[in-house]
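To keep things clear, I will list the structure first and then write my remarks on it.
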Amino acid sequence: MKFNGYLATAALVTAATLTTAATLTGCAASGTQPAPPRAAATGRAGAGAATDSAGAGAGAGVGAGAGAATGHAGAGEAAEAARTEAATGHAGTGAAATGHAGTGAGVEVATVRGPRIAVYQRKGASSPWRRLASPNDYGAERVFLVERRDGEWLRVLLPIRPNGSTGWIRTGDVTLTRTTHRVEVDPARFRFTVYDGARVLRTGKVATGRDGTPTPPGRYFFTELVRPPDPRGPYGAYAFGLSGFSPTLKSFAGGPGQLAIHGTDDAAAIGTQVSHGCVRVGNADITWMAKNLAIGTPVVVKG
0 MKFNGYLATA ALVTAATLTT AATLTGCAAS GTQPAPPRAA ATGRAGAGAA
50 TDSAGAGAGA GVGAGAGAAT GHAGAGEAAE AARTEAATGH AGTGAAATGH
100 AGTGAGVEVA TVRGPRIAVY QRKGASSPWR RLASPNDYGA ERVFLVERRD
150 GEWLRVLLPI RPNGSTGWIR TGDVTLTRTT HRVEVDPARF RFTVYDGARV
200 LRTGKVATGR DGTPTPPGRY FFTELVRPPD PRGPYGAYAF GLSGFSPTLK
250 SFAGGPGQLA IHGTDDAAAI GTQVSHGCVR VGNADITWMA KNLAIGTPVV
300 VKG
């Protein structure tokens, strides 16, 4: 599904109007692909929160195209199992492990400064493993969730396959900010919870992937926020792209099967397994998230 959208962020990331057409993989309950709408590139982000005037509706969709590199990494890739609320592994000598939002210390988000960034397989490597463009395929500033800081190097969670992959970037190539927000999704209970440190800000019901196209557990982060044109349509008011991908769909509707959290025009489907892997939330919930959560916010899908 191709459309332009609007990126609206909270405090951490500067808002930008999307001008690049991108592909979202649909999560229609019937399994069919809705007709591609065009998104309105309008709205503004105020200090600390998005201020777009969204309708009460929100849509269904799975994001796609969150970065130039979507294939499996070669030998030596630093792929790690996604973590939940525990803090990242102990850093080596001179390194500081980044605290997770569950501890109250928050997490760091790295925003790329230039038009592209070099990512290294190992700290101190002489040549890059890959380069990722900024803005990303949606026109959103490229961000990473920081897993560890070690001097001039940062180990970051990457929006590539396989889920949980990490790489190293230089601190001088990014701007660092911090958030204490996180989103947790519990597929077994069909619930999401938004935290600010240990404090619960919002909770509600979700729909998740069907057995053949499950919602994979893991640790992710928001990579972009898009807004389709019709808040009452199947793609609704907002969809947050995630840094993870479907474990069963290597491609879908022209995209690489990127996951998303989004609203839905089918309220009766909330609380069931109905999607192609994305997480659906109620219309009011996705609108609240769009106004209060920044790109880079950690998302944990429990296993």
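Under numbering that gives the first Met the number 0, the sequence shown has 34 at position 35, and the numbering climbs by one with no breaks. Ideal placement from N, C-alpha and C gives every residue a C-beta, glycine not left out. Note that the structure is a prediction, hence the values are computed from the model and not measured.
- Between the stretch 115 to 122 and the stretch 196 to 209 there are fewer than three C-beta pairs closer than 8 Å, too few to call the two in contact.
- In the DSSP assignment, residue 289 falls outside any beta strand (DSSP E) and lies within the alpha helix (DSSP H) extending over 282 to 291.
- Within the DSSP bridge table, the entry for residue 217 names 300 as partners.
- Contact check for residue 182 against residue 263 fails: the beta carbons are separated by 8 Å or more.
- The three-state reading of DSSP puts residue 149 in strand, counting E and B together.
- Its chain contains 132 and 133 as the residues whose beta carbon lies nearer than 7 Å to that of residue 114, once the 5 sequence neighbours on both sides are disregarded; these appear in chain order.
- Its chain contains 111, 112, 113, 116 and 117 as the residues whose beta carbon lies nearer than 8 Å to that of residue 172, once the 5 sequence neighbours on both sides are disregarded; these appear in chain order.
- Annotated three-state conformation of residue 171 is helix, per DSSP.
- At a Cβ-Cβ threshold of 8 Å, residue 214 and residue 189 do not count as neighbours.
- DSSP places residue 204 inside the beta strand (DSSP E), whose first and last residues are 198 to 208.
- For residue 259, the secondary structure class from DSSP, reduced to helix, strand or coil, is strand.
- Secondary structure at residue 268: helix, using DSSP grouped into helix, strand and coil.
- For residue 229, DSSP records no beta bridge to any residue.
- Straight across, the Cα-Cα distance linking residue 267 with residue 229 is about 20 Å.
- By the Cβ-count criterion, residue 252 is buried, with 16 or more other Cβ atoms from all chains shown falling within 10 Å of its own Cβ.
- The three-state secondary structure of residue 112, taken from DSSP, is coil.
- Apart from the 5 residues on each side of it in sequence, residue 211 has no Cβ closer than 6 Å to any other Cβ in its chain.
- Assignment of residue 194 by DSSP, reduced to helix, strand and coil, places it in the strand class.
- The shortest C-alpha to C-alpha distance from residue 249 to any of 140, 284, 161 and 148 is the one to 161.
- 8 Å or more divides the Cβ of residue 146 from the Cβ of residue 176.
- Nearest in C-alpha terms to residue 276, of all of 186, 123 and 191, is 186.
- When the Cα atoms are used, residue 286 and residue 195 turn out to be separated by approximately 18 Å.
- DSSP places residue 242 within a strand segment (E or B) once states are collapsed to three.
- By the criterion of a C-beta distance shorter than 6 Å, residue 222 is surrounded in its chain by 65, 158, 240 and 242, once the five residues flanking it on both sides are discounted.
- Contact check for residue 178 against residue 256 fails: the beta carbons are separated by 8 Å or more.
- By the neighbour-count criterion, in which 16 or more other beta carbons inside 10 Å mark a residue as buried, residue 245 falls on the buried side.
- Residue environment: residue 197 is assigned as exposed (fewer than 16 neighbouring CB atoms within 10 Å of its CB, all protein chains considered).
- Our two residues, residue 274 and residue 209, have alpha carbons roughly 6 Å apart in a direct line.
- Straight across, the Cα-Cα distance linking residue 216 with residue 127 is about 29 Å.
- Distance from the CA of residue 142 to the CA of residue 231, rounded to the nearest whole angstrom, comes to 30 Å.
- Residue 272 and residue 124 have their alpha carbons spaced roughly 43 Å apart.
- Spanning the alpha carbons of residue 280 and residue 144 requires a straight line of approximately 23 Å.
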